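Notes for the one structure printed next.
Chains as they are written, first to last, in the working numbering: chain A, 3 to 303; chain B, 692 to 1018.
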């Protein structure tokens, strides 16, 4: 190889490229620079900590009725009072965190795995495969999400497993549609054509090149949908077809406390506040992630 | 011509893109992007393919590498027909044919490091036995194209346009291909970088035994510099094909002459006396090409017979073929 040309160009190249700012450092700076995003992150971490350590930090057993202490107002022994059969509200909220987060995470995991797979296949192959998959997704999307979840949950009956199934089905179309749109635009790029021209298999093109370039809006969607999922689960539980009692869940706690709304508003307010805080925190973090991952997306999602 | 040295033999290649309409995807017409193209490419040779945009240059390149399935004709690459190959076989053949793209910004995966991009063909074809060998080969490739091997971990957005195109060249070289299709590799670069890339391609051809280029471009002066032979295309047909020196000194086809007369001359005094052949009208649509010679509606030498039949390529002198009845 002609060394003189090679070295000349290497020197030019060295002069041109500025010192590297690591991708991770840039991400961290943008992500944590906004106070609300930071606050949201802290709230989420606190809730996760609470969910993990529930059995140690809860002051009482959340399932054991105490008929000597029913419908008590907040006091030093019961910080948030007790419900109609004397269970400690704070302990039930702490255990409810576990239910909410676990359901939120599992549902989003299933929904996005299935959604991303379907969306990628539809977008990548196009043609009849696209038509069949996307019309099916469109049909699912034509129902309001919560209504769809409600119908499926009503058919399957309550319980953790069925709530997860119904919410996963209800949330999946959103991911599929978003992913399909992303794939359709990414596969137009020359680097996918280049990959094909090098002799790469379809699977390699999809997994190594198409999906990684589509994933950042999906990550944002996942974070934002976590909040929505938790809310939807609470909605189902509130309507009585979600988590079956006595398992502590925020939605059913609000529902149970409804009768005492006038005499003991704290009973429904406390789980409601916890719910609001979590959803708000996930939305803020999603917002921050969007700005940090892809500045071009600002204000779109 | 020595048949042993033949690497690519394109025979009467046709590529029609169907125009579909309606719910049932009824075919209503064909876009005749390439309509009966025949040429040969030898080992160690560079064939320039020139023509204005939309004349089918890129389509030919993509048919050769099997990205498009040809509608008709044959493409023999090292005596194997690409047009009738199974997808699996085609993937293997692609090891020996590489493609360099026009736009260095969209042809590199933004999420892959320079080393990953260059090593991609090695991984696809399992050509590196172990990690060390892979790493050595990637570094060697970067060095060949004049990039510092310490930049393997950088991502495409950290490189300039010229450097990105060098990565594209390194990727094309990774599997030691015998044919590289350069699809306007310099059109998106500025002039000083163009020269660097052209020189790089020429040096590579000098140092690698048996490397052929199909060099697609619309810039005649660049093609003259790099090509051994040049084929001039118009509306999906080859109009003239000959040695590059001959083409510039003695163009026979009226379209070639019009093209060459459009090249500005650097000397202002000579430039003033330059005679330009101004073509009238627009390029006809490949959806509805004119009958007979595709160029006749705009040709300044046209006679009524030109609209009768498509003129075949005729050999005028040794290695000089023209598709014109008046030449």
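We treat Cβ as the ideally placed atom computed from N, Cα and C, and that holds for glycine. Quick caveat: nothing in here was measured; it's all calculated off a predicted structure.
### Query
Mapping DSSP to helix, strand and coil, what is residue 712 (chain B)?
Locating residue 712 (chain B) in the second chain gives position 21, counting from the first residue. Residue 712 (chain B) falls in the strand class under three-state DSSP.
### For residue 992 (chain B): DSSP bridge partner residues
The residue given as residue 992 (chain B) occupies position 301 in the second chain. In the DSSP output, where bridge partners are listed per residue, residue 992 (chain B) has none listed.
### Task
May I ask you to verify whether the segment 214-232 of chain A touches the segment 130-145 of chain A, counting CB pairs closer than 8 angstroms and requiring at least 3?
Segments in contact, no.
### Task
Please specify which runs of the beta strand (DSSP E), each continuous and at least 3 residues long, are wholly inside the segment 753-815 of chain B, giving them in chain order.
Assignment of beta strand (DSSP E) within the segment 753-815 of chain B, counting only whole runs of 3 or more residues, yields 763-768, 788-791 in chain order.
### Query
Between residue 57 (chain A) and the ligand HEM, is the CB less than 7 angstroms from at least one heavy atom?
As far as ligands go, the structure on display features none, and thus does not contain the ligand HEM.
#### Entry: Own chain, CB closer than 6 angstroms to residue 220 (chain A), minus 5 neighbours either side, in chain order
Numbered from its first residue, the first chain carries residue 220 (chain A) at position 218. Result list for residue 220 (chain A): empty, nothing under 6 angstroms.
### Task
Closer than 9 angstroms, Cβ to Cβ, to anything on chain B: give me those residues from the segment 191-213 of chain A, in chain order.
Flagged, chain order: 191, 192, 193, 194, 195, 196, 197, 198, 199, 200, 201, 202, 203, 206, 210, 211.
### Query
When the Cα of residue 846 (chain B) is compared with those of B:957, B:806, B:913, which residue comes out closest?
Start at 1 with the first residue of the second chain, and residue 846 (chain B) comes out as number 155. With respect to the C-alpha of residue 846 (chain B), the residue from B:957, B:806, B:913 having the closest C-alpha is B:806.
#### Entry: Residue range of the alpha helix (DSSP H) that includes residue 293 (chain A)
The residue you call residue 293 (chain A) lines up with position 291 of the first chain. Per DSSP, residue 293 (chain A) belongs to the alpha helix (DSSP H) from 268-295.
### Assumed close pair residue 724 (chain B), residue 710 (chain B) - CB separation to whole angstroms, cut-off 8 angstroms
One-based indexing of the second chain puts residue 724 (chain B) at position 33. One-based indexing of the second chain puts residue 710 (chain B) at position 19. Contact between residue 724 (chain B) and residue 710 (chain B) does not hold, since their C-beta atoms are separated by about 12 angstroms, which reaches or exceeds 8 angstroms.
### Message
Strictly below 8 angstroms CB to CB, what residues from chain A border residue 848 (chain B)?
### Response
Counting from one through the second chain, the residue named residue 848 (chain B) turns up at place 157. Within chain A, no residue comes near residue 848 (chain B); the closest Cβ sits about 10 angstroms away, beyond 8 angstroms.
### Task
Measure from the C-beta of residue 876 (chain B) to each C-beta in chain C and report whether the shortest distance is under 8 angstroms.
The structure shown contains no chain C; its protein chains are A and B.
### Task
Count the other CB atoms, across all protein chains shown, that sit within 10 Å of the CB of residue 918 (chain B); report buried if there are 16 or more and exposed otherwise.
As a working mapping, residue 918 (chain B) is identified with position 227 in the second chain. Classification of residue 918 (chain B): buried, given that the 10 Å Cβ count is 16 or more.
### Task
Closer than 8 angstroms, Cβ to Cβ, to anything on chain A: give me those residues from the segment 966-977 of chain B, in chain order.
Within the segment 966-977 of chain B, no residue has a Cβ that lies closer than 8 angstroms to any Cβ of chain A.
### Message
Taking 8 angstroms as the threshold (beta carbon to beta carbon), is residue 215 (chain A) in contact with chain B?
### Response
Within the first chain, residue 215 (chain A) is the residue found at index 213, counting from 1. So, interface residue.
### Query
Roughly how many angstroms separate the alpha carbons of residue 704 (chain B) and residue 928 (chain B), rounded to a whole number?
Indexing the second chain from 1 puts residue 704 (chain B) at position 13. Indexing the second chain from 1 puts residue 928 (chain B) at position 237. Rounded to the nearest angstrom, the two C-alpha atoms are 10 angstroms apart.
#### Entry: Backbone secondary structure at residue 104 (chain A) - three-state DSSP
Reading the first chain from its first residue, position 102 is the one you call residue 104 (chain A). The answer is helix: DSSP assigns residue 104 (chain A) an H, G or I state.
### Message
Can you find the residues in the same chain that come closer than 8 angstroms, C-beta to C-beta, to residue 878 (chain B), ignoring five residues on each side of it along the sequence?
### Response
The sequence position of residue 878 (chain B) within the second chain is 187, counting from 1. Answer for residue 878 (chain B): 793, 908, 909, 910, listed in chain order.
#### Entry: Identity of the residue in A:104, A:273, A:131 nearest residue 85 (chain A) by Cα
Taking the first chain and counting its residues from 1, the one referred to as residue 85 (chain A) is at position 83. Nearest option by C-alpha distance: A:273.
### Task
Could you name the residues of the same chain whose beta carbon sits closer than 7 angstroms to that of residue 8 (chain A), not counting the 5 residues immediately before and after it, in chain order?
As a position in the first chain, residue 8 (chain A) is number 6, starting the count at 1. Model confidence at residue 8 (chain A) stands at a pLDDT of 42, short of 50, so the residue's coordinates are unreliable and nothing is read from them.
### The beta strand (DSSP E) enclosing residue 865 (chain B), as first and last residue numbers
Position 174 of the second chain, counted from the first residue, corresponds to residue 865 (chain B). Run containing residue 865 (chain B): none; DSSP gives neither H nor E here.
### Query
Checking contacts by CB at 8 angstroms: is residue 816 (chain B) closer than that to chain A?
Indexing the second chain from 1 puts residue 816 (chain B) at position 125. Yes, contact with chain A.
### Task
Return the residue from the list B:940, B:881, B:821 that minimises the CA-CA distance to residue 853 (chain B).
For this step, residue 853 (chain B) is matched to residue 162 along the second chain. Looking only at B:940, B:881, B:821, the smallest Cα-Cα distance to residue 853 (chain B) is reached by B:881.
#### Entry: Cβ-Cβ separation, residue 214 (chain A) to residue 802 (chain B) (assumed contact under 8 angstroms), whole Å
For the purposes of this step, residue 802 (chain B) is taken as the residue at position 111 of the second chain. For the purposes of this step, residue 214 (chain A) is taken as the residue at position 212 of the first chain. Contact between residue 802 (chain B) and residue 214 (chain A) holds: CB atoms are separated by about 5 angstroms, below the 8 angstroms threshold.
#### Entry: Opening and closing residue of the beta strand (DSSP E) in which residue 635 (chain B) lies
Here chain B comprises residues numbered 692 to 1018, so residue 635 (chain B) is not present and cannot be evaluated.
### Query
So, is the C-beta of residue 758 (chain B) closer than 8 angstroms to a C-beta in chain A?
Within the second chain, numbered from 1, the residue matching residue 758 (chain B) stands at position 67. It does; some Cβ of chain A falls within 8 angstroms.
#### Entry: Element boundaries [beta strand (DSSP E), containing residue 731 (chain B)]
Numbered from its first residue, the second chain carries residue 731 (chain B) at position 40. It spans 717-733 - the beta strand (DSSP E) in which residue 731 (chain B) sits, taken as one unbroken run.
### Query
How should residue 904 (chain B) be labelled, buried or exposed, when 16 other C-beta atoms within 10 angstroms of its C-beta is the threshold for buried?
Start at 1 with the first residue of the second chain, and residue 904 (chain B) comes out as number 213. It is buried - the Cβ of residue 904 (chain B) has at least 16 other Cβ atoms within 10 Å.
### Query
Taking only beta-carbon atoms, is residue 828 (chain B) less than 8 angstroms away from chain A?
For this step, residue 828 (chain B) is matched to residue 137 along the second chain. With 8 angstroms as the cut-off, residue 828 (chain B) does not count as an interface residue toward chain A.
### Query
Going by DSSP, which residues form a beta bridge with residue 182 (chain A)?
Position 180 of the first chain, counted from the start, is the residue given in the question as residue 182 (chain A). None; residue 182 (chain A) has no bridge partner.
#### Entry: Contacts of residue 734 (chain B) in chain A (Cβ-Cβ under 9 angstroms)
Translated into positions along the second chain, residue 734 (chain B) becomes position 43. Chain A residues near residue 734 (chain B): none, gap ~21 angstroms exceeds 9 angstroms.
### Query
Who are the neighbours of residue 783 (chain B) on chain A, taking C-beta pairs under 8 angstroms?
Reading the second chain from its first residue, position 92 is the one you call residue 783 (chain B). Here the neighbours are 201.
### Message
I want to see whether chain A comes within less than 8 angstroms of residue 726 (chain B), judged by CB atoms only; does it?
### Response
By one-based count along the second chain, residue 726 (chain B) stands at place 35. It does not; no Cβ of chain A falls within 8 angstroms.
### Message
Between residue 294 (chain A) and chain B, is any beta-carbon pair separated by less than 8 angstroms?
### Response
For this step, residue 294 (chain A) is matched to residue 292 along the first chain. At least 8 angstroms separates the CB of residue 294 (chain A) from every CB of chain B.
### residue 201 (chain A) beta carbon less than 8 angstroms from that of residue 753 (chain B)
Here residue 753 (chain B) refers to the residue found at position 62 when the second chain is read from its first residue. Here residue 201 (chain A) refers to the residue found at position 199 when the first chain is read from its first residue. Not closer than 8 angstroms, so no.
### Query
Taking the alpha-carbon positions, what's the residue 840 (chain B) to residue 811 (chain B) distance?
On the second chain, residue 840 (chain B) is found 149 positions in, with the first residue counted as 1. On the second chain, residue 811 (chain B) is found 120 positions in, with the first residue counted as 1. Distance between residue 840 (chain B) and residue 811 (chain B), taken at the CA atoms: about 16 angstroms.
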